[in-house]
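Right, one structure below, let's go through it.
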Amino acid sequence: MVHTKQYIDEIRRTKAMNIEEQERFSSNYEDIYTNKQTYDAALLAAGSVFKLVDAVRETGSPGFAAVRPPGHHAFPDRGCGFCIFNNVALAAKYALKKGFSRVLIVDWDVHAGQGTQECIADDDRIRLISIHRFQNGHFWPNLEQSAVKTPFKNTVNVPLNATGMGDSDYLAIFQLVVNPIINDFKPDIILVSCGFDAALGDPEGEMRLTPAGYGTLTHQLMAWEIPLVMVLEGGYFLDSIEADFEWVAKALLRQPVPSVILEVLITLELTVHHVSLFS
C-alpha cells in the first residue's frame with residue numbers, strides 16, 4: 001500500500017542471505033541492520049497494527065501496538081533509521097480501506113517522521129503532525145523537509161530548536177497545534193507514532209517528557225472520543241520506556257495519571273504559525 005514491490009522483494013530476499021550478504025545489503029541503507037528474521041518480524045509488526053486497527057474499529061476501545069521493528073523512518077522504496085516497513089503509514093492506508101475517511105497521524109517521536117511524510121504525501125485524506133527535535137537542521141535526520149516550511153502539503157511540522165523541553169512545552173503544542181487541527185480536520189481515527197525518546201533521561205533525545213506527561217498527552221487525545229491507535233516507535237532508555245508505557249497504558253484504560261508541573265519554555269510564536277498550514 002505504501003512500499004514498492006521491488007523494495008519488499010529485496011527485504012524478502014534477506015531471509016536466505018548469510019551474514020556477509022546481510023552486511024553488504026544493510027550497507028546500502030542508512031542505519032538498517034538485517035538478519036534472517038527481519039522480513040518476518042517486519043511483516044508481523046505491520047500486521048499487528050492492521051489487527052489493532054480492526055479491533056479499535058470493532059470495539060471503539062483504544063489500543064497500543066508494541067511492535068519491533070519501528071516504522072516511521074521507512075520510505076516507500078527503502079528502509080532507514082532501524083525501520084523496515086512504515087507501520088503507521090501502512091495502518092493509515094489500511095484504515096481508509098476499512099471505511100475510515102480521514103486519518104490523523106500524530107508523531108511525537110523525538111526524530112522527524114520523514115519516511116511517513118513521503119509514504120502519505122499523495123493522500124489528502126491523511127494528515128501528519130510531526131513534533132520533533134530539529135535544532136535548525138543539525139539533529140538527525142537533518143532534512144529541510146522537517147522544518148516549518150515543508151513541501152508536503154498534508155504535513156504540519158513542529159520542529160523544536162532547543163533541548164530540555166518537557167511536559168509543559170508538549171502540552172502547549174497540543175493546545176496550540178494538535179487540538180485545533182483535530183477540530184478543523186475532524187479525523188475519524190487517530191494514529192500515534194509513539195516514540196519514547198523525548199523522555200526524561202533518554203540520551204538520544206535530550207528532552208524532558210515525564211511518564212505523567214506522556215499519560216497526559218494520551219488523555220488529551222482520548223478526550224476527543226475518536227478511535228485511537230498507538231504504535232511504538234523509538235526509545236533508547238529502558239527505564240524511561242517502562243515507566244512511560246505504564247502511564248500511557250493507564251491513560252488508555254481511562255485511569256487517572258499524575259498532574260504535570262507547568263513550566264512553558266517553548267517559543268509559542270513559532271508553534272502558533274503551524275495552525276494555519278493546512279488552510
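Position one of the sequence shown corresponds to residue 1 (full-length UniProt numbering), numbered consecutively onward. Built from N, CA and C at the ideal position, the CB exists for glycine as well. Note that the structure is a prediction, hence the values are computed from the model and not measured.
Is DSSP giving residue i helix, strand or coil here?
i	result
L277	For L277, the predicted structure reports a pLDDT of 43, less than 50, and the residue's modelled location is therefore unreliable. The matter cannot be settled from this model.
E125	At residue 125 the sequence reads Arg, which differs from the Glu that was named. The answer is coil: DSSP assigns R125 none of H, G, I, E or B.
R13	helix
H72	coil
T116	helix
A199	strand
A92	helix
I189	strand
D107	strand
G215	helix
G166	strand
R24	helix
L270	The predicted model places L270 with a pLDDT of 43, which falls under 50 and marks its position as unreliable; any figure quoted below should be read in that light. The answer is helix: DSSP assigns L270 an H, G or I state.
Does residue i pass the burial test, meaning 16 or more other C-beta atoms within 10 Å, or should it be called exposed?
i	result
T4	exposed
T38	buried
H111	buried
N136	exposed
A172	buried
N86	buried
residue 282	Lying outside 1 to 279, the shown extent of the chain, residue 282 is not represented and no answer is given.
T59	exposed
N169	Note that residue 169 is Asp in the sequence shown here, rather than Asn. Per the 10 Å Cβ criterion, buried.
R24	exposed
P70	buried
A16	exposed
L262	exposed
H132	buried
S193	buried
A223	exposed
Looking only at its own chain, which residues have a Cβ that is under 7 angstroms from the Cβ of residue i, when we skip the five neighbours before and after it?
i	result
C80	Y29, E30, D31, I32, H73, A74 and G115
F152	Q117, A121 and Q145
I226	P187, D188, I189 and I190
A162	none
A243	P211
K250	G215 and V257
K93	M1 and V2
What does residue i pair with, by DSSP beta-bridge criteria?
i	result
T155	L128
M230	F64 and V192
L209	A199
L160	R133
R78	F75
Kindly list the residues whose CB is nearer than 6 angstroms to the CB of residue i, restricted to its own chain and excluding five residues on each side of it in sequence; keep chain order.
i	result
V272	Annotation note: pLDDT 39 at V272 (below 50); position unreliable, coordinate value reported separately. Counting only Cβ-Cβ distances below 6 angstroms, and skipping sequence neighbours, we find L176.
A198	V110, G205, M207 and L209
S48	A65 and V67
P258	A212
F174	Q220
I19	none
Tell me which residues share the same chain as residue i and place their Cβ nearer than 8 angstroms to its Cβ, disregarding the 5 neighbours each side in the sequence.
i	result
S276	Any reading at S276 must be qualified, since the residue scores a pLDDT of 42, below 50, and its modelled position is unreliable; no value is offered.
E269	Note that E269 scores a pLDDT of 40, beneath 50, so its modelled location is shaky and nothing firm can be said.
S101	R125 and D188
A42	I11, P69, I84 and F85
F185	R102, L104, R127 and F278
Run the proximity test for residue i: is its beta-carbon closer than 7 angstroms to any non-hydrogen atom belonging to the ligand ATP?
i	result
E10	With respect to the ligand ATP, the structure shown offers nothing to examine, as it has no ligands at all.
Kindly say whether residue i, judged by its beta-carbon, lies nearer than 8 angstroms to any beta-carbon of chain D.
i	result
D167	Considering every chain present, this structure includes no chain D. It has just one protein chain.
Uninterrupted alpha helix (DSSP H) stretches inside the segment 26 to 74 (no shorter than 4 residues): 38 to 59
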